[in-house]
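Have a look at the structure below before the remarks.
Residue numbers (the working numbering): 34 to 213.
See the structure below:
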């Protein structure tokens, strides 16, 4: 199975996905993409919908990680042979990926432009039945994720499906599509 995560941050969801694959005995190769330096600059679409008091309007968020720390986490969890980390912003790194088809992609990149970049890259490369999972669709803190996903999917045949877990609260509903 070929998989990718766009927005690795500290690597915990990447390692969780690798553990699930191991426990289900699904051989997987995972690519983890992240700047490991925080979010990119906001674009006009972000500023239109971002809450006025959002901290990322004035400072970089998610810069409290590093490539080395995530690589150590992946290695210490026993997955060094099943995951490759790629450092940089998606606009720069996606075009460098090897040409392949994907079965699963987790998009957790908060802002408008990164969602569009990831969807434009991965959507046409998905196998039929492949899953694109959206972490931030219902996020109150990052409503630009919903804007980007809705815009991208407006002329696509797939239906956005919603998964609810845990108590009522911020970002406890996730979404995905199954590629037709």
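For glycine and all other residues, C-beta sits at the position ideal for the given N, C-alpha and C.
Treat the numbers as computed from the prediction; the structure is a model and nothing was measured.
Proximity to residue i [Cα-Cα], best of the options
{"i": "residue 174", "options": "71, 82 and 47", "result": "82"}
{"i": "residue 38", "options": "70, 141 and 182", "result": "141"}
{"i": "residue 171", "options": "196, 149 and 186", "result": "196"}
{"i": "residue 65", "options": "186, 101 and 157", "result": "101"}
{"i": "residue 114", "options": "106, 166 and 186", "result": "106"}
{"i": "residue 74", "options": "154, 128, 103 and 90", "result": "90"}
{"i": "residue 148", "options": "167, 56, 92 and 84", "result": "167"}
{"i": "residue 182", "options": "200, 132, 153 and 157", "result": "153"}
Other residues of its chain near residue i: CB distance less than 7 angstroms, five sequence neighbours each side excluded
{"i": "residue 136", "result": "34, 35, 36, 160 and 163"}
{"i": "residue 180", "result": "78, 82 and 145"}
{"i": "residue 126", "result": "66 and 119"}
{"i": "residue 48", "result": "106, 107, 110 and 112"}
Integer-rounded CB distance, given that residue j should sit under 8 angstroms from residue i
{"i": "residue 139", "j": "residue 208", "result": "Rounded, the Cβ-Cβ distance is 12 angstroms, inconsistent with contact."}
{"i": "residue 80", "j": "residue 94", "result": "Actually they are not in contact, since the Cβ atoms of residue 80 and residue 94 sit about 15 angstroms apart, beyond 8 angstroms."}
Same chain only: Cβ atoms within 6 angstroms of residue i, ignoring 5 sequence neighbours per side
{"i": "residue 169", "result": "143, 175 and 178"}
{"i": "residue 59", "result": "34"}
Residue i burial status per 10 Å Cβ neighbour count (16 or more: buried)
{"i": "residue 210", "result": "buried"}
{"i": "residue 54", "result": "buried"}
{"i": "residue 109", "result": "exposed"}
{"i": "residue 198", "result": "exposed"}
{"i": "residue 205", "result": "exposed"}
{"i": "residue 212", "result": "buried"}
Straight-line gap, residue i to residue j (C-alpha atoms, nearest Å)
{"i": "residue 123", "j": "residue 193", "result": "23 angstroms"}
{"i": "residue 134", "j": "residue 62", "result": "12 angstroms"}
{"i": "residue 69", "j": "residue 116", "result": "16 angstroms"}
{"i": "residue 155", "j": "residue 98", "result": "25 angstroms"}
Neighbour flag for residue i against chain D, beta carbons, 7 angstroms
{"i": "residue 210", "result": "Annotation note: the requested chain D is absent from the structure, which comprises a single protein chain."}
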